[in-house]
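Below: the structure, in structure tokens.
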Ligand SMILES: C[S@@+](CC[C@H](N)C(=O)[O-])C[C@H]1O[C@@H](n2cnc3c(N)ncnc32)[C@H](O)[C@@H]1O
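In our numbering, the protein residues as written are 541 to 888.
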């Protein structure tokens with residue numbers, strides 16, 4: 541490692557990187573757009589204060605990689621002087637293929653043990669492997685059980701789960717191709733839905749009164765991630781571009797553009813809010829887009845203190861009352877999620 545290092549980020553990634561390396565002695569400053577003062581005994585600067593001629597090497601300890609790299613380039617840092625530190629869990633999505641830096645610029649932190657995680661901060665490394673396993677198992681179920689239809693995700697943000705879904709569809713499409721042919725399955729497609737602007741403003745009491753909205757955690761514009769183009773680029777690393785469909789915009793506006801004959805065998809609902817989840821489910825049930833045996837993964841079922849009055853749980857409850865849904869609840873999904881298999885329902 542060269543001298544005169546700056547670390548971008550003062551959160552848990554930076555802390556873990558400093559624990560796992562001996563970089564601190566070479567660090568001249570930290571960079572953070574929301575914080576000034578000191579961190580680990582070194583000054584914290586704003587991005588615009590970062591001077592290219594004082595700092596030889598920049599280590600990014602943040603997952604807002606695209607924005608930070610764009611800023612670094614505009615400040616005159618060339619890519620060979622930038623390194624990126626990420627949790628081990630993100631190695632799965634091959635960010636290194638997506639962002640135009642070479643693989644050598646990436647450093648993946650070692651996995652944390654449960655004990656280490658609990659004594660530092662709650663790390664995504666504990667939750668993400670579970671998300672990955674559940675997505676793989678659920679997609680395997682759809683293929684092995686010959687559930688008809690495509691794969692949908694509502695809530696794409698960082699592209700983490702979208703890219704895992706793309707990768708897994710590709711894996712089973714090729715490994716189970718004769719099984720697919722025997723069951724007369726059409727090529728499986730991936731449909732990704734997002735505003736690409738983060739959450740909408742909440743309007744319904746079931747959101748406004750929920751702890752996550754009231755605290756501002758799920759406020760308007762939060763959870764904004766990749767653009768539609770970036771998401772397409774990322775997912776097309778894993779699945780043919782012609783099998784990826786992106787529906788950009790608010791769900792209430794884009795749902796009606798789902799082709800009438802399209803069926804879904806797998807739906808990843810990761811749009812958190814009651815109103816968003818309700819709008820999606822209402823349309824999918826009303827237009828009979830869900831196949832017999834379709835697997836639904838709700839990413840945030842047990843958020844909001846697991847209350848049945850808010851979020852995905854309330855949306856599901858309200859939908860079941862209208863469509864006479866027969867289903868099996870098949871357990872928890874990762875830390876706060878839930879899985880359901882649909883057997884039948886009445887179109888309104
Ligand atoms: C928690 S994030 C999704 C996380 C994502 N699965 C990942 O792996 O990073 C929630 C996403 O839902 C989207 N969203 C929520 N409500 C929406 C709505 N009504 N219309 C369109 N997008 C919505 C937000 O833009 C955000 O990207």
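For every residue, glycine included, the Cβ atom is placed at its ideal position computed from N, Cα and C.
All of these numbers come straight from a predicted model, not from anything done at the bench.
Whole-angstrom C-beta distance between residue j and residue i, which should lie under 8 Å
| i | j | result |
| --- | --- | --- |
| residue 825 | residue 863 | 4 Å |
| residue 877 | residue 837 | 6 Å |
| residue 771 | residue 699 | 5 Å |
| residue 805 | residue 834 | 5 Å |
| residue 811 | residue 695 | 4 Å |
| residue 619 | residue 641 | 5 Å |
| residue 865 | residue 882 | 7 Å |
| residue 847 | residue 688 | The Cβ separation is near 35 Å, so there is no contact. |
| residue 594 | residue 571 | 12 Å between Cβ atoms; not a contact. |
Heavy atom of ligand 1 within 6 Å of residue i beta-carbon
| i | result |
| --- | --- |
| residue 738 | yes |
| residue 791 | yes |
| residue 810 | yes |
| residue 780 | no |
| residue 697 | yes |
| residue 816 | yes |
| residue 746 | no |
| residue 763 | yes |
| residue 681 | no |
| residue 700 | yes |
| residue 734 | yes |
Proximity test, Cβ basis, 7 Å: residue i and chain B
| i | result |
| --- | --- |
| residue 691 | Although the question refers to chain B, the structure presented lacks it and comprises just one protein chain. |
Counterpart residues of residue i in DSSP-defined beta bridges
| i | result |
| --- | --- |
| residue 569 | 546 |
| residue 845 | Residue 845 is not bridged to any residue. |
| residue 785 | 731 |
| residue 692 | 731, 807 |
| residue 489 | Outside the shown range of the chain (541 to 888) lies residue 489, about which nothing can therefore be said. |
| residue 869 | 880 |
| residue 578 | 583 |
| residue 739 | Paired residues: none, contrary to the question. |
| residue 837 | 808, 879 |
| residue 605 | For residue 605, which the question treats as bridged, DSSP gives no partner whatsoever. |
Under the three-state DSSP convention, the category residue i falls into
| i | result |
| --- | --- |
| residue 863 | helix |
| residue 887 | coil |
| residue 637 | Unreliable placement is indicated for residue 637, whose pLDDT of 47 sits below 50; the coordinate value is still reported in the next sentence. Reduced to three states, the DSSP call for residue 637 is helix. |
| residue 661 | Its pLDDT being 49, under 50, residue 661 is placed unreliably by the model, and the measurement read from it follows with that caveat. Residue 661: coil per DSSP, three-state reduction. |
| residue 832 | strand |
| residue 674 | helix |
| residue 594 | coil |
| residue 541 | No answer about residue 541 holds up, because its pLDDT of 40 lies below 50 and its placement is not dependable. |
| residue 950 | Since the displayed the chain opens at 541 and closes at 888, residue 950 lies outside it and no answer follows. |
| residue 798 | coil |
| residue 889 | Residue 889 is absent from the model: the chain starts at 541 and stops at 888. |
| residue 824 | helix |
| residue 704 | helix |
| residue 850 | coil |
Any non-hydrogen atom of ligand 3 within 6 Å of residue i CB
| i | result |
| --- | --- |
| residue 648 | Absence of ligand 3 from the depicted structure is noted, with ligand 1 being the only ligands included. |
**Prompt:** Looking at C-beta atoms only, is the number of pairs between the segment 729-745 and the segment 812-823 that lie closer than 8 Å three or more?
**Reply:** Taking a cut-off of 8 Å for Cβ pairs, the segment 729-745 and the segment 812-823 touch, as three or more such pairs fall below it.
**Message:** Using a Cβ distance threshold of 8 Å, determine whether the segment 780-787 contacts the segment 739-746, with at least three qualifying pairs required.
**Reply:** With the cut-off at 8 Å, the segment 780-787 and the segment 739-746 do not touch.
**Asked** Are there three or more Cβ pairs, one per stretch, closer than 8 Å when the segment 670-677 is compared with the segment 583-597?
**Response** Flag = no, the segment 670-677 and the segment 583-597 do not touch.
**Prompt:** Contact between the segment 618-626 and the segment 563-571: three or more CB pairs below 8 Å?
**Reply:** Three or more beta-carbon pairs separated by less than 8 Å are not found between the segment 618-626 and the segment 563-571, which leaves the two stretches without contact.
**Prompt:** If you pair each beta-carbon of the segment 783-800 with each one of the segment 749-760, do three or more pairs fall below 8 Å?
**Reply:** Contact fails between the segment 783-800 and the segment 749-760, because fewer than three Cβ pairs, one in each stretch, are under 8 Å apart.
**Request:** Tell me, please, whether the segment 599-608 touches the segment 541-557 by the rule of three or more beta-carbon pairs shorter than 8 Å.
**Result:** They touch, by the three-pair rule.
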